[in-house]
Amino acid sequence: MSIRHLDRLLRPASVALVGASDRPGSLGQIVLRNLKAAGFAGSLWAVNQRHDSVDGRPAWRDVASLPAAPDLAVICTPAATVPQLVAELGRKGTRAAVVISAGLKQASEPGGPTWEQAMLAAARPHLLRILGPNCIGLQVPGLGLNASFAPGAALAGSLAFVSQSGALATAMQDWARGRGIGFSHCISLGDSADVDFGDLLDWLGSEGGTRAILLYAESVKAARKFMSAARAASRNKPIIVVKAGRAPDGARAAASHTGALAGSDEVFDAAARRAGLLRVDTLEELFDAAETLARARSAPGERLAIVTNGGGAGVLAADALALAGGTLAVLAAPTLAALDQVLPPTWSRGNPVDIIGDAPVARYVDAMRVLLQAGEVDGVLFLHAPTALVPALDIAQACLPLAREATRPVLTGWLGGPAVEQARLACAQAGLPAYETPERAVRAWLQLVTHARNQRQLLEIPPATLPELGCDRAAAQVLIGEARRDGREWLDERESKALLQAYGIPVVATRAVAEASEAVRAAQEIGFPVALKILSPQILHKTDVGGVALGLRTPDEVRAAAGRMLEQVARLRPDASIRGFTVQAMAERPGARELILGLTCDPVFGPVLLCGTGGVEVELHRRHAVALPPLNAALARDLLARSGVQPLLRAWRSRPAADEAAVVDALLRLSQLACDLAGLAELDINPLLADGQGVLALDARVRLHAAGTQPVPLAIRPYPQELESRLLVGGQELQLRPIRPEDGERLQDFYAQASPADLRLRFFQSRREVPLSELARFSQIDYDREMAFVALPAADAQGRQPFVGEVRAVCDPDNEVAEFAIQVASGWQGRGLGRLLLARLVEHLRERGTRELVGECLPENTAMAGLARASGWTVRPVRGVVEMRLALDQTASVSR
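Residue numbers for the sequence shown follow our numbering, so the first one is 6 and each next one is one higher.
What follows is the structure, encoded as structure tokens:
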């Protein structure tokens, strides 16, 4: 990921158009016309190798003859000329280019590199950033920059739009222009040879003129880069994405149930949710969502109250909400009583709240006030159909003060045309979302709810208790190594269950045997009744070929079942190599639920976890959900809830509840397995029995990546356990490790125990406590771009293990500069802990190639400034603070 030189691309002071032309209809003529018409205030130079002037303005024959190095070059010449032009621009000093030219995927010569590869090679020595090729270009309306061949200029505004489709980008601009919607940036990615979604999310996420980012995506190339940038940007502003390809073009061939169920579009949904993005289905919803999220307050929950002067409108809204899986608020008795006091006896006495068509202005206001004070209501949808009794504008003006002061979101729906147009306009001018139909208003509410739910995942502080999983990674790797040495892609059933056992997932007792007589002996040792299954690397779904016999209670039954099984398999699968049988204890657990847990590898986002209802018909009912590892307990419970399994685990009639905590634990163990073992391609646990006794895996299938293939890495970097170490401070040993998402409560206690003076030195302002949103941000870090080391003593008699120090650094996307912060508990100050913490951070940043570490402290923080000076840092006062800098590629370091 890199934002290097993106300021030259997106905020240039000068532009050169290479391939400028005055030939009507040519690409160079259209782009030049757009550049001139947009009113760009900087220098604009035309480059044309044949003419001294183009369209009445001077032209230069080549890049070298330009009067200065342009910040941005726009290239409209044939594909074969692009690599040489990029090299010339780099030598001139240009650091960004928009390559509109198409055809660069073609080879420059038979068997040689493509023009695109040659272009990137020419750009690399100069760190010249390239947008495109094969793109429409870009527009920055606020700068008067239209470096594109779009048919018109976008209006200036505060929405950034980034599209992988040029045609869609121009259609979107035209659609938005007709509705008065403006943009801070309109960017066509084209082939994304260099600049991609991740780069632009990093830059736009901190760009002050952009309040929301809209994406049209067809594919994601670098998943970890995309996820890292999206998670960072979505903490700052809404990001809404439309992704093509929701409807699959055909079932993907997969050997496991998990592989068949976890489609790529479903995986993208999981990635968007994990990154805090909002995914919508249509371009209209894209803009609706941008306006809604920018105008409405965040939804604290999912319960919606509907107030309307027309029963029909309320019913339509309630129907739309129910069909989309939304939640209609159930009004409590005090709320109903309060509404009785302000509404006529004929009101609906329920939700939707029908205040009757003859309602005067005061009735609207009174009903709204009651609902906004109701604890069981998370948001209010106000619907109005025009009547001849009260002008709609009067109602809007009376209700707007209430809506603006409300602590929860208020959405309005003004149904009709000219009679309500002024009311709708008044709401829009006041920053209140306004919609034309009940269905559209409900859809907007659900967008708010979904976005808030995704954001809560980003800000949630998981429980402090981290389960000790006790996984045996070494044993698992031995199993995989044996299969690799044998040239096998699949683990047999015994090996698959041994793999699960290594990660602490309970499995039914299983023996692998070569022939029927051994199966009989194994059954006698295990104890009847048993299950007998065929053992063959070619037969994955054993029931399809009669390869499973259940409930065998005597040696004769085992022997007979083995004979029938061999006969039937030989007839149905004569190609299969039979290695014998597996014998299992029958798990007689009446009332147990059958689940499926699985792991598959998405070609873009890497390992993906699946949870759902299991059994032989697992692919028919499709009640399941997927998530990206790594999971913590909160994310595991969320996956369980989304899968539709959670209600099935509850007590029902005579069947007691299943142990939900055991299912969550199994998900955490499967997540750890996915993080530890990159060689796994697919894994099924089906069925996983769940009841009051816990969970038990009856069957498991595991496939390895083919030898020689490079597995797709995890989209989100997991906790780096390899960075854990020990420190000795004044004779006392401390654990030093990276911070974990589960450390939010510990971090809260750490800050709560600090003195006001220490908090001021740490945060540069007086504060009594650190907000939960900051605690979540500080504990749920992105290990790909930041690091926080925490020091902990041994647990005390009550099992408490508080933080006694922390040091953290956030790297820029280019890994050029990292900014650090440090704090040591009061009782540990002056004992050398701060020096050791900073030394470990410096060591880590050097290992990851960061070039410079910087920080600031208040002038009165003489201890920090003194430590930096003594350790070879450059320390100087700058604008009221003390700046500290350490070049990490030199020998200066903090002494250990």
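Backbone N, C-alpha and C define an ideal beta-carbon position, used for all residues, glycine too.
Considering only the beta carbon of each residue, do residue i and residue j sit closer than 9 Å?
i	j	result
residue 653	residue 618	yes
residue 850	residue 889	no
residue 431	residue 438	no
residue 731	residue 740	yes
residue 104	residue 135	yes
residue 842	residue 794	yes
residue 681	residue 404	no
residue 728	residue 745	no
residue 133	residue 95	yes
residue 294	residue 456	yes
residue 717	residue 634	no
residue 159	residue 128	no
residue 3	residue 811	Given a span of 6 to 901 for the chain in the structure shown, any question on residue 3 remains unanswerable.
residue 84	residue 21	no
residue 221	residue 164	no
residue 43	residue 171	no
residue 863	residue 764	no
residue 747	residue 866	no
residue 462	residue 639	yes
residue 452	residue 644	no
residue 275	residue 632	yes
residue 306	residue 384	yes
residue 824	residue 780	no
residue 533	residue 559	yes
residue 280	residue 459	yes
residue 814	residue 846	yes
Mind checking which residues open and close the alpha helix (DSSP H) that includes residue i?
i	result
residue 591	Where residue 591 is concerned, there is no enclosing alpha helix (DSSP H), given that its DSSP letter is neither H nor E.
residue 39	32-42
residue 230	228-239
residue 14	11-15
residue 404	397-410
residue 796	Note, residue 796: premise wrong, no alpha helix (DSSP H); beta strand (DSSP E) at 791-797.
In the structure shown, what three-state DSSP assignment does residue i receive?
i	result
residue 98	coil
residue 878	coil
residue 849	helix
residue 242	coil
residue 889	strand
residue 823	strand
residue 650	coil
residue 828	strand
residue 611	strand
residue 680	helix
residue 855	coil
residue 867	helix
residue 308	strand
residue 810	strand
residue 780	helix
residue 581	coil
residue 203	helix
residue 476	coil
residue 531	helix
residue 259	Low local confidence applies: a pLDDT of 48 at residue 259 is under 50, so the model's placement there is unreliable, with the coordinate-based value given in what follows. In this structure, residue 259 counts as coil in the three-state DSSP scheme.
On the premise that residue j lies in contact with residue i, defined as a C-beta separation below 8 Å, what is that separation, rounded to the nearest angstrom?
i	j	result
residue 325	residue 443	6 Å
residue 2	residue 735	Residue 2 cannot be examined here, being either before or after the span of the chain that is shown, 6 to 901.
residue 391	residue 421	5 Å
residue 138	residue 87	7 Å
At what residues does the beta strand (DSSP E) containing residue i begin and finish?
i	result
residue 761	Residue 761 -> not in any beta strand (DSSP E); alpha helix (DSSP H) instead, spanning 761-768.
residue 629	629-632
residue 538	535-540
residue 283	283-285
residue 1	Given that the chain is displayed from residue 6 to residue 901, the structure contains no residue 1 and the question cannot be resolved.
Using a Cβ-based criterion (distance less than 8 Å to any ligand heavy atom), does residue i qualify as near the ligand MN?
i	result
residue 507	As presented, the structure is devoid of all ligands, the ligand MN included, so that no description of it is given.
Determine, using beta-carbon pairs with one atom in the region 808-819 and one in the region 6-21, whether at least three such pairs fall under 8 Å. Result yes; three or more Cβ-Cβ pairs closer than 8 Å.
So, do the region 493-513 and the region 563-576 have three or more beta carbon pairs nearer to each other than 8 Å? No contact exists between the region 493-513 and the region 563-576.
On the three-pair Cβ rule with 8 Å, is the region 596-606 touching the region 536-553? no
Quick one: any contact between the region 392-410 and the region 338-356, if contact means 3 or more CB pairs under 8 Å? no
For the 8 Å Cβ check, are there 3 or more pairs between the region 178-195 and the region 234-251? no
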